[in-house]
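**Q** Take this structure, written in structure tokens, and hold onto it; I'll ask about it next.
In the UniProt record's numbering, the protein residues as written are 1 to 207.
Okay, structure coming up:
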């Protein structure tokens, strides 16, 4: 399969399926891939209501990512209003398989938020019997999407029953992510955004 960069296409494996959480809007489409919530997951604590999902924002045009990002970031309620709630039949459906890893040094950001004590000499003496302190904090993240879903969880499947009233069959929505896309991972119960990135080249490994 071809993934179209801004200047030239490349070959890349795609993941496919036929029924997904997809919504179509003027100029773009949105795909939701919900993560499975299993009792064996390490962050599960009792009656944990958290639900994590990965979202893809796909511009209709191959060079439309920048304007889509501007739209997403300029309106405070934009994301909340565009997220799909129901599974629908899809026609042509493809998303690229990709791996992205990225890391940041978070010490300055934490200090700006008021987390000062751990970075001060002797700031951890209440935890350990040694005059140590934190010099740096690094965060490294890894995200992978392939035909099995996303790293660390499988895609949830939901069974639905149709109403007995006759209805016209909806027209399938095409979702072919063969050009640059925006993605993010969100905790849906609180609306907290955990990761944000863009796939410009699935072979590149950077967001």
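We put the CB at the ideal spot given by N, CA and C, even for glycine.
Could you pull the start and end residues of the alpha helix (DSSP H) that residue 72 belongs to?
**A** Unbroken alpha helix (DSSP H) run through residue 72: 65-74.
**Q** Going along the chain, which residues of its own chain have a beta-carbon closer than 6 angstroms to the beta-carbon of residue 187, five neighbours each way excluded?
**A** Once the five neighbours on either side are set aside, the close Cβ partners of residue 187 are 50, 52.
**Q** With three or more beta-carbon pairs closer than 8 angstroms as the criterion, would you say the segment 60-67 touches the segment 102-116?
**A** Verdict: no, contact absent.
**Q** In whole angstroms, what is the alpha-carbon distance linking residue 24 and residue 174?
**A** Going from the Cα of residue 24 to the Cα of residue 174 covers about 9 angstroms.
**Q** Quick check: what's the CA-CA separation for residue 56 versus residue 181?
**A** Their backbone Cα atoms lie some 7 angstroms apart in a straight line.
**Q** Starting from residue 113, follow the beta strand (DSSP E) in both directions and report where the run begins and ends.
**A** Here residue 113 belongs to no beta strand (DSSP E), and DSSP marks it neither H nor E.
**Q** Please report the straight-line C-alpha distance between residue 145 and residue 97, rounded to a whole angstrom.
**A** Cα to Cα, residue 145 sits roughly 5 angstroms from residue 97.
**Q** Count the other CB atoms, across all protein chains shown, that sit within 10 Å of the CB of residue 189; report buried if there are 16 or more and exposed otherwise.
**A** Exposed, by the Cβ-count rule.
**Q** Quick check on residue 109: buried or exposed, where buried means 16 or more other Cβ atoms within 10 Å of its Cβ?
**A** Exposed.
**Q** Which residues bound the beta strand (DSSP E) around residue 29?
**A** Counting along the chain, the beta strand (DSSP E) containing residue 29 begins and ends at 28-34.
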